[in-house]
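Notes follow once the structure below has been shown.
What follows is the structure, encoded as structure tokens:
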């Protein structure tokens, strides 16, 4: 059984997932192109952090950072052994529901151009390209997406 709920990001099994995501991103992009919220930043009052668990085991993460007029999707990751089961889609839907519950009607995100699976997920879920936002550089490696909620 899969559950998705708010949890602390500083749990050992969750940190292991975040570390795996960081290693994956580091294999694709130079450090200055990785815009990662660390565990401490994920504990901030303007961040909502969710964990997907299958039978109690952490298998995915996602967060939204509340911004001025929009929420930014961050730290989306599903363990490779759990992919293909629509866990990321369910995480994204839960994050969007969180934003709507807080009166936020726009979701935005920055992802990498070389993350084909992520781009397919976001496009399948209704995200479309938008201009850079939030101070991100338009470096040719980032893809900026948004969705009205």
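Numbering (the working numbering), first residue to last: 1009 to 1157. Even for Gly, the Cβ is constructed at its ideal location relative to N, Cα and C. Computed from a prediction, not measured in an experiment: that's the story for all the values here.
(1) Can you list, in chain order, the residues of its chain whose CB lies under 6 Å from that of residue 1011, leaving out five sequence neighbours each side?
(2) Just curious, the alpha helix (DSSP H) that residue 1107 is in, first and last residue?
(3) Thinking C-beta only, is residue 1018 closer than 8 Å to residue 1045?
(4) Helix, strand or coil for residue 1048, going by three-state DSSP, please let me know.
(5) Given residue 1134, which residues of its chain have a CB within under 6 Å of its CB, disregarding the five upstream and five downstream residues?
(6) Spell out a yes or no on whether the region 1053-1060 and the region 1027-1039 are touching, meaning 3 or more CB-CB pairs, one atom from each, closer than 8 Å.
(7) Residue 1116 and residue 1080: beta carbons closer than 8 Å?
(8) Counting pairs of beta carbons, one from the region 1064-1082 and one from the region 1019-1031, are three or more of them closer than 8 Å?
(9) In this structure, does DSSP put residue 1073 in helix, strand or coil?
(10) Roughly how many whole angstroms lie between the Cα atoms of residue 1121 and residue 1087?
(11) DSSP state of residue 1015, grouped into three classes?
The answer reads as follows:
(1) Here residue 1011 refers to the residue found at position 3 when the chain shown is read from its first residue. Here the set comprises 1061.
(2) The residue labelled residue 1107 in the question sits at position 99 within the chain shown. Start and end: 1095-1109.
(3) The residue you call residue 1045 lines up with position 37 of the chain shown. The residue you call residue 1018 lines up with position 10 of the chain shown. In this structure, residue 1018 does not lie closer than 8 Å to residue 1045 by Cβ.
(4) Working through the chain shown from its first residue, we reach residue 1048 at position 40. Helix.
(5) Taking the first residue of the chain shown as 1, we reach residue 1134 at position 126. So the qualifying residues of the chain are 1155.
(6) no
(7) Here residue 1116 is taken as the residue at index 108 of the chain shown, counted from 1. Here residue 1080 is taken as the residue at index 72 of the chain shown, counted from 1. The answer is yes: Cβ separation under 8 Å.
(8) yes
(9) Within the chain shown, the letter at position 65 stands for residue 1073. Of the three classes helix, strand and coil, the one that applies to residue 1073 here is strand, per DSSP.
(10) Working through the chain shown from its first residue, we reach residue 1121 at position 113. Working through the chain shown from its first residue, we reach residue 1087 at position 79. Going by the C-alpha atoms only, they are around 20 Å apart.
(11) Within the chain shown, numbered from 1, the residue matching residue 1015 stands at position 7. Reduced to three states, the DSSP call for residue 1015 is coil.
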